[in-house]
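Structure, as structure tokens:
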Amino acid sequence: MSMLRALMIGDVVGDPGLEALETRLPGLIQEKAADFVVVNGENAAGGFGITETAFRRILAAGADVVSSGNHVWEKRDFWPVLETESRALRPANYPPGTPGRGWVRLEKTAAGGRPVSWLVVNIQGRELMSPIDCPFRCFDNILAEQGPPADLFHSLYNSEGNLPAGLRGPGDIILVDFHAESTREKEALAWYLDGRVSLVTGTHTHVQTADERILPLGTGYITDLGMTGVTRSVIGMDPKICLDRARSQVLYRMECAEGTGGVQGVLAEIDGETGKTLTLERIFRA
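Going by this note's numbering, the first residue of the sequence shown is number -14, and it counts up by one from there.
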């Protein structure tokens, strides 16, 4: 059995988050022998949006793919980068004609010289967020186009507990960043994709959850990866400004907190033959 290790890192928040990523991610990759790294960078530019400079810094720190979410549109200068850089993702379920793309397939050589095909899909939720296209149907369409033939849904309770035939091909490792507000919606998508992907990780709330688990058909899941930024903060932002907003209901512009940042995410050990996640470890490096 060949073992692959995927590292997924939560939302990078501002310069403190970028600095924390640059300081800690290279060592974390080496320590965990990570074969593939996905980093959510949608808040890397001052806490709102991402710039090309921030994108390049995240790649240089060790990311293979930079995912995002609803804040990816904050910096209009980044829109052309979404069109030209295949490793910069925006959520796939924005309507046709939206700049960029929501998935990428990359071939990368793993330890031992084995080539592996990684399919990374970035999707955005709709509950308590903008009512864009359905994330469930969006994923089905992507898998139908980019992966092996698959039913739109399958029994979670087949008699042997194995992946139904035809849901994935040899060497296909599928990672999903589901950028969503609703815990219910995140869990629902994970159950919907169980057995069809290796890993579903939630982003957006910046609060790392303690519910990492492996679903019955082998898909790893966590509701939220957390964030890469200042932990003595309110979701990476200055606590005083956040308190003033909450107490007065005046929408003062939030600013990144000052201080030393940390890195949060998960490491999944994946069976390279079946695509099932075998272990899932929550990561927090302060």
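Note that CB positions come from ideal geometry on N, CA and C, so glycine has one too.
Simplified DSSP assignment, three categories, for residue i
{"i": "Cys119", "result": "coil"}
{"i": "Thr256", "result": "It is Asp, not Thr, that sits at residue 256 in the sequence shown. Of the three classes helix, strand and coil, the one that applies to Asp256 here is strand, per DSSP."}
{"i": "Glu266", "result": "strand"}
{"i": "Arg61", "result": "helix"}
{"i": "Phe163", "result": "strand"}
{"i": "Pro100", "result": "strand"}
{"i": "Phe21", "result": "strand"}
{"i": "Leu210", "result": "coil"}
{"i": "Asn107", "result": "strand"}
{"i": "Val66", "result": "helix"}
{"i": "Ala129", "result": "helix"}
{"i": "Asp223", "result": "coil"}
{"i": "Ala135", "result": "Bear in mind that the predicted position of Ala135 carries a pLDDT of just 40, short of 50, making it unreliable; the figure below should be weighed with that in mind. Ala135: coil per DSSP, three-state reduction."}
Residue i, enclosing beta strand (DSSP E) - first and last residue
{"i": "Lys93", "result": "88 to 94"}
{"i": "Asn28", "result": "Taken as a continuous stretch (DSSP letters only), Asn28 belongs to no beta strand (DSSP E), as it is neither H nor E."}
{"i": "Ala(-9)", "result": "-12 to -6"}
{"i": "Met188", "result": "A small correction: the amino acid at residue 188 is Thr; Met does not occupy that position in the sequence shown. Unbroken beta strand (DSSP E) run through Thr188: 184 to 188."}
{"i": "Val192", "result": "No beta strand (DSSP E) holds Val192; DSSP gives it neither H nor E."}
{"i": "Ser52", "result": "50 to 52"}
Proximity of residue i and residue j at Cβ, strictly below 8 Å
{"i": "Asn55", "j": "Ser(-13)", "result": "no"}
{"i": "Leu184", "j": "Thr208", "result": "no"}
{"i": "Gly31", "j": "Val57", "result": "no"}
{"i": "Ile226", "j": "Glu243", "result": "no"}
{"i": "Val251", "j": "Thr186", "result": "yes"}
{"i": "Thr270", "j": "Arg111", "result": "Looking at the sequence provided, one finds Arg at residue 270 rather than Thr. No, Cβ-Cβ distance for Arg270 and Arg111 is not below 8 Å."}
{"i": "Val23", "j": "Ile43", "result": "no"}
{"i": "Asn28", "j": "Asp(-4)", "result": "yes"}
{"i": "Val101", "j": "Leu200", "result": "no"}
{"i": "Gly211", "j": "Gln249", "result": "yes"}
{"i": "Ile255", "j": "Ile158", "result": "yes"}
{"i": "Ala46", "j": "Glu7", "result": "yes"}
With 16 other Cβ atoms within 10 Å as the buried cut-off, status of residue i
{"i": "Phe124", "result": "buried"}
{"i": "Pro80", "result": "exposed"}
{"i": "Pro155", "result": "Residue confidence for Pro155 is low, a pLDDT of 43 falling below 50, so the modelled location carries little weight and cannot support an answer."}
{"i": "Phe21", "result": "buried"}
{"i": "Pro1", "result": "buried"}
{"i": "Glu197", "result": "buried"}
{"i": "Val192", "result": "exposed"}
{"i": "Leu(-8)", "result": "buried"}
Limits of the alpha helix (DSSP H) - the one that residue i falls within
{"i": "Trp176", "result": "168 to 178"}
{"i": "Gln234", "result": "First-last for Gln234: undefined, no H or E at that position."}
{"i": "Asp0", "result": "-1 to 17"}
{"i": "Leu44", "result": "37 to 46"}
Cβ-heavy atom distance, residue i to the ligand GDP, below 7 Å
{"i": "Asp256", "result": "The ligand GDP is not among the ligands present in this structure, which contains no ligands whatsoever."}
Nearest-angstrom beta carbon gap, residue j and residue i [assumed within contact, 8 Å]
{"i": "Thr213", "j": "Ile(-6)", "result": "6 Å"}
{"i": "Asn275", "j": "Pro76", "result": "There is simply no residue 275 to check, as the chain begins at -14 and stops at 271 in what is shown."}
{"i": "Val105", "j": "Leu160", "result": "5 Å"}
{"i": "Leu74", "j": "Arg86", "result": "7 Å"}
{"i": "Gln109", "j": "Ala165", "result": "7 Å"}
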